[in-house]
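So the protein sequences, as listed, match chains A and B.
60 is the number that the working numbering gives to position 3 of the first sequence; each next residue is one higher, with no gaps.
162 is the number that the working numbering gives to position 105 of the second sequence; each next residue is one higher, with no gaps.
Number of protein chains: 2
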Amino acid sequence: MIIIGIDTAIRKTGYGVIDMRTNGSFRILDCGLIRNAASLPHSECLRRLAGGIRELVSSFKPEAASIESAFVSRNVKTAMILSLARGAVITALAECGVPAFEYSPKSAKRAATGLGEADKSQVASIMANLGGLDVSQIPDDATDALALAFCHGNLALRSAGGLVRPPVPI
Amino acid sequence: MIIIGIDTAIRKTGYGVIDMRTNGSFRILDCGLIRNAASLPHSECLRRLAGGIRELVSSFKPEAASIESAFVSRNVKTAMILSLARGAVITALAECGVPAFEYSPKSAKRAATGLGEADKSQVASIMANLGGLDVSQIPDDATDALALAFCHGNLALRSAGGLVRPPVPI
Chain A
58 MIIIGIDTAI RKTGYGVIDM RTNGSFRILD CGLIRNAASL PHSECLRRLA
108 GGIRELVSSF KPEAASIESA FVSRNVKTAM ILSLARGAVI TALAECGVPA
158 FEYSPKSAKR AATGLGEADK SQVASIMANL GGLDVSQIPD DATDALALAF
208 CHGNLALRSA GGLVRPPVPI
Chain B
58 MIIIGIDTAI RKTGYGVIDM RTNGSFRILD CGLIRNAASL PHSECLRRLA
108 GGIRELVSSF KPEAASIESA FVSRNVKTAM ILSLARGAVI TALAECGVPA
158 FEYSPKSAKR AATGLGEADK SQVASIMANL GGLDVSQIPD DATDALALAF
208 CHGNLALRSA GGLVRPPVPI
């Protein structure tokens, strides 16, 4: 089961594509960043973001996408700009027919490391280890995206085994 | 100059397409609503919204889009859902190469009626009159979209005449 994890932000979106095996192990197919220079207007950031997601979907044909749930920031303006970017990502996924599932950063980290409060380097080293990569090959901001993909893969396997209810796409 | 005005919302997005003449009058080419049933998940609402905007752009080839600026609601959750929908709309416009300009509802109403606090029926009757339509032909929720389109057209004309600075796309 191929899953794309996406850690969305207007300027720097991390992604990670994994091939989840039925025994719970996985292989990392790709991970990286979609960057938008600070000088770009929002409309261009959203266009590049949606285009990047479409390219990844067309290359890897994921069965599902796992994205970070919207957190309610105390800074409303920040939350609204993040939501614009999430809108671009969810639209691109929906247009490609890829169901999107939301998980909190805490759930993703807990699934990946057993700890909801793990830091980026802990997540990276565990993901690299499980995914059969050298940790130096994982860009810093792609670790959370890999953890999101793994979190969904894990839940999908457990629900297929009847252990938990199947997750509902957004 | 053909302009599309869009009053975005996740469940009911109003649109209005006008052909603005250099003398400041205009013709209404189309106006209506993109509706999403309450039962649809967000991802499907965004897909339908982006698809609807693309269809309108391909039919009318607008030179510019005029959208409502994001208001900072006291309800953060509402603001975030509206921003998702705005993300879908701005992405679709950017992918079609249509520059988008933002105006507050107040600016749009003031441009249309001279009053920032005008109600929907006042906006509708003035827009119908200026745009050469019977007011009964304008759906209720499309009036704000028509006012947004007119607001941008007005400003574009004034800036072309050197009276004000040209508006900056988002």
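Cβ coordinates follow ideal geometry from the N, Cα and C atoms, glycine included.
Tell whether a beta-carbon distance below 8 Å holds between residue i and residue j.
i: residue 85 of chain A; j: residue 189 of chain A; result: yes
i: residue 157 of chain B; j: residue 124 of chain B; result: yes
i: residue 73 of chain A; j: residue 81 of chain A; result: no
i: residue 75 of chain B; j: residue 173 of chain B; result: no
i: residue 205 of chain B; j: residue 151 of chain B; result: no
i: residue 180 of chain A; j: residue 136 of chain B; result: no
i: residue 126 of chain A; j: residue 159 of chain A; result: yes
i: residue 90 of chain A; j: residue 169 of chain A; result: no
i: residue 212 of chain A; j: residue 221 of chain A; result: yes
i: residue 217 of chain A; j: residue 144 of chain B; result: no
i: residue 162 of chain B; j: residue 201 of chain B; result: yes
i: residue 207 of chain B; j: residue 83 of chain B; result: yes
i: residue 192 of chain B; j: residue 155 of chain B; result: no
i: residue 105 of chain A; j: residue 69 of chain A; result: no
i: residue 140 of chain B; j: residue 178 of chain A; result: no
Quick check on residue i: does DSSP put it in helix, strand or coil?
i: residue 66 of chain B; result: coil
i: residue 246 of chain A; result: Residue 246 of chain A cannot be examined here, being either before or after the span of chain A that is shown, 58 to 227.
i: residue 78 of chain A; result: coil
i: residue 138 of chain A; result: helix
i: residue 144 of chain B; result: helix
i: residue 183 of chain B; result: helix
i: residue 123 of chain A; result: strand
i: residue 188 of chain B; result: helix
Specify, as a first and last residue, the run of the alpha helix (DSSP H) that residue i falls within.
i: residue 214 of chain A; result: 200-217
Output the boundary residues of the beta strand (DSSP E) element that contains residue i.
i: residue 110 of chain A; result: Per DSSP, residue 110 of chain A belongs to no beta strand (DSSP E); it is in the alpha helix (DSSP H), 99-117.
i: residue 89 of chain A; result: 83-92
i: residue 157 of chain B; result: 157-160
Can you round the beta-carbon distance between residue i and residue j to whole angstroms, since I take them to be within the 8 Å contact cut?
i: residue 195 of chain A; j: residue 88 of chain A; result: 6 Å
i: residue 142 of chain B; j: residue 67 of chain B; result: 4 Å
i: residue 120 of chain A; j: residue 184 of chain A; result: No, residue 120 of chain A and residue 184 of chain A are not in contact; Cβ-Cβ is about 19 Å, not under 8 Å.
i: residue 148 of chain B; j: residue 107 of chain B; result: 6 Å
i: residue 79 of chain A; j: residue 187 of chain A; result: Between residue 187 of chain A and residue 79 of chain A the Cβ distance is about 15 Å, and since that is not below 8 Å, they are no contact.
With hydrogens ignored, establish whether the beta-carbon of residue i is closer than 7 Å to any heavy atom of the ligand GDP.
i: residue 144 of chain B; result: In the structure on display, the ligand GDP does not appear, and there are no ligands present to speak of.
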